[in-house]
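Keeping their order, the protein sequence lines are chains Z and V.
Per my numbering, the very first residue in the first sequence carries number 174; after that it's consecutive.
Per my numbering, the very first residue in the second sequence carries number 428; after that it's consecutive.
Built from N, CA and C at the ideal position, the CB exists for glycine as well.
Just below is one structure, and these are the notes that go with it.
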Amino acid sequence: MQIIENSKVKEKLYIEKLENGLTIMIIPKKGIQKKYVIWGTNYGSNDSKFIVPGEEQVTEVPKGVAHFLEHKMFEQESGVNSLDTLTALGVEANAYTTNDHTAYLFECTENFYPALDELMDYVQHPYFTDENVEKEKGIIGQEIMMYDDYPEWKVYLNTLEAMYHNHPVKLDITGTIETISHIDKEILYKCYNTFYNPSNMAMVVCGDFEPEQLLQEIKNRLIDKKANGEIKRIYPEEEESIVKEKIEQKMDVSEPLFTIGIKDKIVNEKEKVKKHIAIEILLSIIIGKSSKLYQDLYNEGILFTTPSLDYEFGAGYSHILITGQSKLPEKVYEKFKNTINEIKQKGIDKEEFERTKKTIYGSYVREFNEAGEIARMFLSDFFKVINSFDYLEEIPIINENYVEQILKEVFKEEKMVISVIKK
Amino acid sequence: MKYTEKEIKKGIKIHIIENEKFKTNLVAVFLSMPITRENVTKNSLLSAVLRRGSMNMPTSTDINKQLEEMYGASFDNGLDKTGDNDILKFYMETINDNFIPQNDENMLKTSVEKLLEIVFNPLIKNEKFNDEYVQQEKDNIKRIIEGKADNKARYAFDRCIEEMYKNKPYGLYKYGYIEDLESLDAKNLYEYYQKMISECKIDIFVSGKLDQNTLNIIENNENIQKLNDREVKIINGIEKKEKVEEKEVIEEMDVTQGKVVIGMDLDLKNEEQKYDALLYNAILGGSASSKMFQEVREKASLAYTASSSYVRYKSNIFIRCGIEIKNYKKAIEIIKKQLEDMKNGIFTDEDIENAKKGIISSIKSIDDEQDTEITYFFGQELTNNKITLEEYIKKIQNISKENIIKIANDAQINTIYFLKNKEL
Numbered sequence: 174m175q176i177i178e179n180s181k182v183k184e185k186l187y188i189e190k191l192e193n194g195l196t197i198m199i200i201p202k203k204g205i206q207k208k209y210v211i212w213g214t215n216y217g218s219n220d221s222k223f224i225v226p227g228e229e230q231v232t233e234v235p236k237g238v239a240h241f242l243e244h245k246m247f248e249q250e251s252g253v254n255s256l257d258t259l260t261a262l263g264v265e266a267n268a269y270t271t272n273d274h275t276a277y278l279f280e281c282t283e284n285f286y287p288a289l290d291e292l293m294d295y296v297q298h299p300y301f302t303d304e305n306v307e308k309e310k311g312i313i314g315q316e317i318m319m320y321d322d323y324p325e326w327k328v329y330l331n332t333l334e335a336m337y338h339n340h341p342v343k344l345d346i347t348g349t350i351e352t353i354s355h356i357d358k359e360i361l362y363k364c365y366n367t368f369y370n371p372s373n374m375a376m377v378v379c380g381d382f383e384p385e386q387l388l389q390e391i392k393n394r395l396i397d398k399k400a401n402g403e404i405k406r407i408y409p410e411e412e413e414s415i416v417k418e419k420i421e422q423k424m425d426v427s428e429p430l431f432t433i434g435i436k437d438k439i440v441n442e443k444e445k446v447k448k449h450i451a452i453e454i455l456l457s458i459i460i461g462k463s464s465k466l467y468q469d470l471y472n473e474g475i476l477f478t479t480p481s482l483d484y485e486f487g488a489g490y491s492h493i494l495i496t497g498q499s500k501l502p503e504k505v506y507e508k509f510k511n512t513i514n515e516i517k518q519k520g521i522d523k524e525e526f527e528r529t530k531k532t533i534y535g536s537y538v539r540e541f542n543e544a545g546e547i548a549r550m551f552l553s554d555f556f557k558v559i560n561s562f563d564y565l566e567e568i569p570i571i572n573e574n575y576v577e578q579i580l581k582e583v584f585k586e587e588k589m590v591i592s593v594i595k596k
Numbered sequence: 428m429k430y431t432e433k434e435i436k437k438g439i440k441i442h443i444i445e446n447e448k449f450k451t452n453l454v455a456v457f458l459s460m461p462i463t464r465e466n467v468t469k470n471s472l473l474s475a476v477l478r479r480g481s482m483n484m485p486t487s488t489d490i491n492k493q494l495e496e497m498y499g500a501s502f503d504n505g506l507d508k509t510g511d512n513d514i515l516k517f518y519m520e521t522i523n524d525n526f527i528p529q530n531d532e533n534m535l536k537t538s539v540e541k542l543l544e545i546v547f548n549p550l551i552k553n554e555k556f557n558d559e560y561v562q563q564e565k566d567n568i569k570r571i572i573e574g575k576a577d578n579k580a581r582y583a584f585d586r587c588i589e590e591m592y593k594n595k596p597y598g599l600y601k602y603g604y605i606e607d608l609e610s611l612d613a614k615n616l617y618e619y620y621q622k623m624i625s626e627c628k629i630d631i632f633v634s635g636k637l638d639q640n641t642l643n644i645i646e647n648n649e650n651i652q653k654l655n656d657r658e659v660k661i662i663n664g665i666e667k668k669e670k671v672e673e674k675e676v677i678e679e680m681d682v683t684q685g686k687v688v689i690g691m692d693l694d695l696k697n698e699e700q701k702y703d704a705l706l707y708n709a710i711l712g713g714s715a716s717s718k719m720f721q722e723v724r725e726k727a728s729l730a731y732t733a734s735s736s737y738v739r740y741k742s743n744i745f746i747r748c749g750i751e752i753k754n755y756k757k758a759i760e761i762i763k764k765q766l767e768d769m770k771n772g773i774f775t776d777e778d779i780e781n782a783k784k785g786i787i788s789s790i791k792s793i794d795d796e797q798d799t800e801i802t803y804f805f806g807q808e809l810t811n812n813k814i815t816l817e818e819y820i821k822k823i824q825n826i827s828k829e830n831i832i833k834i835a836n837d838a839q840i841n842t843i844y845f846l847k848n849k850e851l
């Protein structure tokens, strides 16, 4: 296996791409009890239009198939649900779906290999029937309705709605009750066969392991499957402009919830880690905990908790999100824009810049504390073609000029939207 | 992992957890006292005022800049209602000196000092807190209280507890009451702080890659030196449960999905039964192979979330699920059937073994996370019941089916709470 060592957090990544195209990553951690494994496919809610390798025509499936598949993968022909088998082994198993990937995981202290048997067995052996597909619609329907009661989720989706004209990132990961009603077992098999090919998948393991030996154990559990060709994913044309600046919805909340969004251009391959860090630095300087803007808003009673600051990007989309709760979201928005203009004119304060870099460096180091967090991070970065260690290497060398350039390029008023949920 | 504790003054304990496997050191201070209607609002406000500034770091900006200089040390504080006690919690986490590029300072020492400074040396002028901070935080606490119903699932849970513990300490809302906020000001809040800090139980935890000196740093800290001995008045022990009539409470709000919370009383006779109850809960609704998940979600397809949780400090189990409003009766029927099955021993040895494995695995990984580990030791400190992780595992292994059936028969529904839509 190839070994990539990071001197800053003193950790090693063992990585190998197998002949069938599957990538295995192992991060050994001496002395910890917990073992964590996650197996993912580069297939998420955004991938509903594609060309199956070897075919010519475009396949389009209802929204919500990736998430539906995630639910149904646990079902086995024997009638036993794999989640039960794993739970019976005393391991904690779960799965999740994002915009760009689906992942199956478990964590345990004992029974790692029996549980790995089960995980690798169920992910490689789908079993869908008309009956079990119909039954799942009731459960997922309740999941969709649960999210309907979360104002935090609605304010997020509305922000994307205001930013994107066509890109599927703006749609609910679960699909809607209407779209999932069209899902049947044929659709599930077709998507499974397309996207659950080893060449489209990666596995990450973190725990106290001897990497080469673990790699062999994983190989022994793989069924014979050849790498397929490239899956062509089709995303609709997306203009650079936003759809509308303001979007509002009424829900029963004591104080309005808001998200300010900034739509960004699609990130260039080489630059993404550096740009991600620059945006984190900027957000912290503009409206982070120790910023003047946050302190002013806090003292005036306009904000009473720090907003959460995020930068999300993937195939065909990239945006910044600032989410919080405030009596006066419009005021926050206005002052946010003013602060950006001030910083654009005056430049970034040197001392503040260095302090923020330290903070962000510390936050990256901390992400290497817990096995699950490490494994999830490596998987999700891998599907974005990033090695998670890169963040630690890039941050010390990032400079003010670059950050100021990003401020000018990305933080543009005509790209900003605000979504509000209020009573 | 090596755990040691030292009572440095009566009612004040230092707990040292040496562990080499983390990138971080974590320091925590817990102030504990019985929860009362009189003090709950004061504690809530106090917790918010203390994080605003100390004598040497008078503004939030000073605190935050300091934290950022320490490679983004994180400071956090909050409130917890643990049984009939109110706990003020303060945490500071820093990265370990080994992972700092220029190794020029003792980060652990700095973080211990800064945290103690925030808790024990608040910003005081003319015998009172800063007026402006108190005013602003009163406003913020009011907003938190008003926002109680924003998260509907959480709200349903809080409401069920309130109904079960009407006019009792555990029924109090941890953020307090708007009508009790009015009379608080910078002066009387400071008077309360002085009294509270001289009477509460104090526990200081340090976890991480530590040296011999850690204990000395805390013991010799001037803010610690000025504290006096105190009589600890924590409430623990097993609560006696009375037979009650099953109560149904239905509330209407603007929700898409109905939220059911069922509060159950467990009439336990001794400490050992607390372990049995843990297992009972795991089989009933603690995992994906539990009765709740299997019957309510997988078989009846009624819910996405269907689970139960065990509150050890109060001998309660809470069953929670989110359902379509029209299925309420059906869901209750299925849930009650599960409770009956538990009483009649309709669960297999395999169910027991599986539940044990799950619990044991989580016990084993307690020391893989610093805050979990601190919470574990603090829980033991509060209940005055110290066992090692190995002993804990052994106790779980020794539980028999009869023990679990006994719990099932000593469990009764106290309150069924249902939050539903207005139109129906």
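Could you compute how far the alpha carbon of I568(Z) sits from the alpha carbon of K447(Z)? Near 8 Å, if we compare the C-alpha coordinates of K447(Z) and I568(Z).
May I have the straight-line CA-CA distance separating Y737(V) from G690(V), to the nearest angstrom? In this model, Y737(V) and G690(V) are separated by some 10 Å (Cα to Cα).
**Asked** Should G227(Z) go down as buried or exposed, given a rule of 16 or more other Cβ atoms within 10 Å for buried?
**Response** G227(Z) sits exposed, since fewer than 16 C-beta atoms from the chains shown fall within 10 Å of its C-beta.
Review point. Contact check, I460(Z) vs K500(Z) under 8 Å by CB: the rounded distance?
Key: About 17 Å separates the beta carbon of I460(Z) from that of K500(Z), a gap too long to meet the 8 Å contact definition.
Inter-residue CB distance, A544(Z) and K202(Z) (contact presumed, cutoff 8 Å)
Correct: roughly 6 Å between the Cβ atoms.
Give the list of continuous alpha helix (DSSP H) stretches no shorter than 4 residues that lie fully inside the region 787-815 of chain V.
Within the region 787-815 of chain V, the complete alpha helix (DSSP H) segments at least 4 residues long are 797-810, listed from N- to C-terminus.
(message) Suppose you measure from the CA of M163(Z) to the CA of M376(Z); what does that come to, to the nearest Å?
(response) This structure cannot settle anything about residue 163(Z), because the visible part of chain Z is limited to 174 through 596.
- [ ] Using a Cβ cut-off of 7 Å (strictly closer), state whether A375(Z) contacts chain V.
- [x] Among the residues facing chain V, A375(Z) is not included, as its CB has no counterpart in that chain under 7 Å away.
When DSSP labels each residue in this structure, what does Y844(V) get in the three-state scheme? Strand, per DSSP.
Is A288(Z) helix, strand or coil by DSSP? In the structure shown, A288(Z) falls within a helical segment according to DSSP collapsed to helix, strand and coil.
task: Give the residues from the region 535-546 of chain Z that approach chain V closer than 8 Å (Cβ to any Cβ), ordered along the chain.
output: Under the 8 Å Cβ criterion, the region 535-546 of chain Z contributes G535, S536, V538, R539, F541, N542, E543 and A544.
Quiz item: Does the distance from the C-beta atom of L262(Z) to that of A239(Z) stay below 7 Å?
Solution: Not in contact: L262(Z) and A239(Z) (Cβ atoms no closer than 7 Å).
Notebook entry, point to check: Should P528(V) go down as buried or exposed, given a rule of 16 or more other Cβ atoms within 10 Å for buried?
Noted result: Under the 10 Å beta carbon count, P528(V) is surrounded by fewer than 16 other beta carbons and is classified as exposed.
| task | Give the straight-line distance between the Cα atoms of E532(V) and D524(V), rounded to the nearest whole angstrom. | result | Going by the C-alpha atoms only, they are around 8 Å apart.
*asked:* If the cut-off is 7 Å on Cβ atoms, which residues from the region 296-318 of chain Z count as contacting chain V, listed in chain order?
replied: Along the region 296-318 of chain Z, the positions whose C-beta sits under 7 Å from a C-beta of chain V are K308, G311, I312, Q315, E316 and M318, read in chain order.
ask   = Residues of chain A with CB under 8 Å from G712(V), in chain order?
value = The displayed structure is made up of protein chains Z and V, and chain A is not among them.
If you draw a straight line from the C-alpha of T332(Z) to the C-alpha of I591(Z), how long is it? Roughly 7 Å separates the two Cα atoms.
- H298(Z): buried (16+ other C-beta within 10 angstroms of its C-beta) or exposed? Burial call: exposed.
- C-beta atoms of Y518(V) and D503(V) nearer than 7 Å: Yes.
As a quick exercise: from E582(Z), D425(Z) and K557(Z), pick the residue whose alpha carbon is nearest that of D273(Z). From the listed residues E582(Z), D425(Z) and K557(Z), the smallest Cα separation to D273(Z) is found for K557(Z).
Alpha helix (DSSP H) runs wholly inside the region 272-340 of chain Z, at least 4 long, in chain order:
Assignment of alpha helix (DSSP H) within the region 272-340 of chain Z, counting only whole runs of 4 or more residues, yields 285-297, 303-321 and 324-336 in chain order.
- Under 9 Å Cβ-Cβ, which residues of chain V neighbour V182(Z)? Taking the beta carbon of V182(Z) as reference, the chain V residues within 9 Å of it are K450 and F526, listed in sequence order.
**Prompt:** Would the region 362-371 of chain Z and the region 507-523 of chain Z be scored as touching if the rule is three or more Cβ pairs under 8 Å?
**Reply:** The answer is no - the region 507-523 of chain Z does not touch the region 362-371 of chain Z, with fewer than three Cβ pairs under 8 Å.
task: Please confirm if V687(V) has its CB atom under 7 Å from at least one CB of chain Z.
output: For V687(V), the answer is no, since every Cβ of chain Z falls outside 7 Å of its Cβ.
Cβ-based contacts, 8 Å cut-off: residues of the region 519-530 of chain Z near chain V: Interface annotation for the region 519-530 of chain Z against chain V: R528 and T529, criterion Cβ-Cβ distance under 8 Å.
Leaving out five residues on either side along the sequence, give the residues of the same chain with a beta carbon under 7 Å from the beta carbon of T270(Z). If we look at T270(Z) and ignore the five residues flanking it on each side, its Cβ neighbours are G217, S218, A239, H240, E243 and I346.
From which residue to which residue does the alpha helix (DSSP H) around Y731(V) run? That residue, Y731(V), is in no alpha helix (DSSP H); its beta strand (DSSP E) goes A730 to V738.
- Task: Identify the contact partners of Q887(V) in chain Z, using a Cβ-Cβ distance below 9 Å as the criterion.
- Result: There is simply no residue 887(V) to check, as chain V begins at 428 and stops at 851 in what is shown.
### Query
Nearest to S788(V) by alpha carbon, out of K849(V), T802(V), I823(V) and D681(V)?
Comparing Cα-Cα distances from S788(V) to each of K849(V), T802(V), I823(V) and D681(V), the minimum goes to I823(V).
Along the chain, where does the beta strand (DSSP E) containing T478(Z) start, and where does it finish? In the DSSP assignment, T478(Z) falls outside any beta strand (DSSP E) and carries neither an H nor an E.
When the Cα of S457(Z) is compared with those of I493(Z), L430(Z), K443(Z) and P429(Z), which residue comes out closest? Comparing alpha carbon positions, the residue from I493(Z), L430(Z), K443(Z) and P429(Z) closest to S457(Z) is I493(Z).
Notebook entry, point to check: Name the chain V residues whose beta carbon is nearer than 8 Å to that of L256(Z)?
Noted result: Simply A715 and S716.
Close-in-space but distant-in-sequence residues of the same chain around Y534(Z) (CB under 6 Å, 5 per side omitted): So the list reads I568, once near-sequence residues are dropped.
From what residue to what residue does the alpha helix (DSSP H) around F509(Z) run? Element bounds for F509(Z): P502 to K519.
**Request:** Taking only the alpha-carbon atoms, compute the straight-line gap between D322(Z) and I710(V) and give it to the nearest angstrom.
**Result:** Inter-residue distance for D322(Z) and I710(V) is about 29 Å (C-alpha atoms, whole angstroms).
* Give a yes or no on whether 7 Å exceeds the smallest Cβ distance from D563(Z) to chain V. => Taking Cβ atoms only, chain V never reaches closer than 7 Å to D563(Z), which makes this a no.
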